Amino acid sequence: MDSFGRVHNNLRISVTDRCNLRCTYCMPEDVTFLDRGELLTFEEIASFVRVAANLGVNKIRLTGGEPLMRRDLHKLVRMIVSVSGITDIGLTTNGILLAEQAAQLFDAGLRRLNVSLDTLDPDRFRALARRGGVEKVLAGLNAAKRAGFDPIKINAVAIRGFAEHDVVPLAQYCKDNSFELRFIEYMPIGADSWEREKVFFAAEILELIGNEVGPLVPAPADPSAPALDYAYRDGSGTVGVIASVSRPFCRSCNRIRLTADGKLRNCLFALDETDVKGLLRSLPINDETIRNALRQSVWAKWEGHEINAATFVKPDRTMHAIGG
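At position 257 of the sequence shown (counting the first as 1) the number is 603 in our numbering, and the numbers step up by one without a gap.
Below, the structure is given as structure tokens:
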């Protein structure tokens, strides 16, 4: 629990900073990646998860970079699934490598899957990602459905200049294929120059979908979830919006983050980090020292990210180096 009474049971773990795309809002084109020895090993990650589970963490999400670029990721999934107290493990991926790994990940015990897909249009996909591959993402989604993943969520970053063209096609695609769709307001965390004028806001998204795809009604809410959820009135699917800029969810945030190089962050926008890797590599490993570091990090968490304040300071790390 932090000093504002928020209970943190959700741990997001970045397994690599590497990615096979170069999305403009996430990372620079000429990025330098970590050396392999700088990454936490699967055993170190599992050790930290066991300590965190002992403190009440029960939800894990694997992220990157692109997590499917980490070799043998299914082995880490099996290790985490076996940790007592962990009841929910998910993965966020860009989907490029999903077709070849979906079945293996499902067999390992992964059940929750979020796929980042900002557009169905190949040209706009390349403009945003600086690489092609939308057809591979769609193939990955089909493979995930065949493997048994249900529900499958699509995450789309809403940037003005793109979202106006992509909101409706994405909504219709997800409605037709029984995927849950979530739009995320464009945030100041990437390598590009963020401007508030570039944010395509949640209210605009919902209005577009309601007018062009089908009427929406509020859906039952999970108070700790970041998304505001809506259902189509005809019962044919759901749409969520993560309004990090226009309606921050900081008051109910339950998340902590572990970067690929072993730094613990109590907020996506935090300016301070705790070196967990050093503790995990100080043999013999002292679980109590790690527990204390985790408690102290959570207790120091700010009340909110202050994106909308004049005093806001953008973190030095870009999104790919923190973990999505």
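Note that beta-carbon positions come from the ideal geometry of N, C-alpha and C, so glycine has one too. For clarity, every value in this text was computed on a predicted model and none was experimentally measured.
Would you mind reading off the limits of the beta strand (DSSP E) that contains residue 635? Premise fails: residue 635 lies in the alpha helix (DSSP H), 633-645, not in any beta strand (DSSP E).
Which ranges would you report for the alpha helix (DSSP H) in the stretch 403-478 if only whole runs of at least 4 residues count? 419-427, 444-454 and 468-475
With distance defined between alpha-carbon atoms, name the residue in 467, 445, 473 and 427 nearest to residue 456. Shortest Cα-Cα distance from residue 456 to any of 467, 445, 473 and 427 involves 427.
Can you name, in chain order, every residue of its own chain whose Cβ lies under 7 Å from the Cβ of residue 404, other than the five neighbours on each side? 355, 431, 432, 433 and 434
Applying the 10 Å Cβ sphere with the 16-neighbour rule, what's the burial state of residue 557? exposed
Measuring CB atoms only, is the stretch 364-375 touching the stretch 610-629, in the sense that at least three cross pairs come out at less than 8 Å? no
What residue range does the alpha helix (DSSP H) around residue 557 cover? 548-558
Residue 501: first and last residue of the uninterrupted beta strand (DSSP E) it sits in: 498-504
Residue nearest to residue 503 in terms of C-alpha spacing, selected from 438, 533, 571 and 638: For the residues 438, 533, 571 and 638, the minimum Cα distance to residue 503 belongs to 533.
Beta strand (DSSP E) segment containing residue 360, residue limits: 356-360
Can the beta-carbon of residue 392 be found closer than 7 Å to that of residue 415? No, the pair does not count as a contact, with Cβ atoms beyond the cut-off.
Look up residue 584 in the DSSP assignment and give the residues it is bridged to. Beta-bridge pairing links residue 584 to 577.
Can you tell me the Cα-Cα spacing of residue 670 and residue 448, whole angstroms? 19 Å
What does DSSP give as the partner residue(s) for residue 602 in the beta ladder? 357
Can you pull the DSSP bridge partners for residue 611? 603
Would you check if the stretch 483-491 and the stretch 537-549 touch, i.e. whether three or more CB-CB distances between them fall below 8 Å? no
Assigned secondary structure, residue 391 (DSSP; H/G/I helix, E/B strand, else coil): helix
Out of 517, 452, 647 and 412, which one is the CA nearest neighbour of residue 495? 452
DSSP beta-bridge partners of residue 620: The partner list for residue 620 (beta bridge, DSSP) reads 610.
Proximity below 7 Å, CB of residue 498 to CB of residue 525: yes
Pick from 419, 438, 349 and 368: whose alpha carbon is nearest that of residue 357? 438
Less than 7 Å between C-beta atoms, sequence neighbours within five positions excluded: which residues of the same chain meet that for residue 596? 649, 650 and 651
If you count every other CB in all the chains shown that lies within 10 Å of the CB of residue 479, and 16 or more means buried, which is it? buried
Minimum C-alpha distance to residue 671 - residue among 560, 436, 586 and 637: Absent from the structure is residue 671, since the part of the chain shown begins at 347 and ends at 670.
For residue 529, write down the residues that DSSP places opposite it in a beta bridge. When beta bridges are read from the DSSP output, residue 529 appears opposite 502 and 587.
Do residue 598 and residue 620 have their C-beta atoms closer together than 7 Å? no
Suppose contacts are defined by Cβ-Cβ distances below 7 Å. Is residue 607 in contact with residue 380 by that definition? yes
On the DSSP letters alone, give me the boundaries of the alpha helix (DSSP H) that residue 515 sits inside. 509-523
Which first and last residues belong to the beta strand (DSSP E) in which residue 562 is found? 562-564
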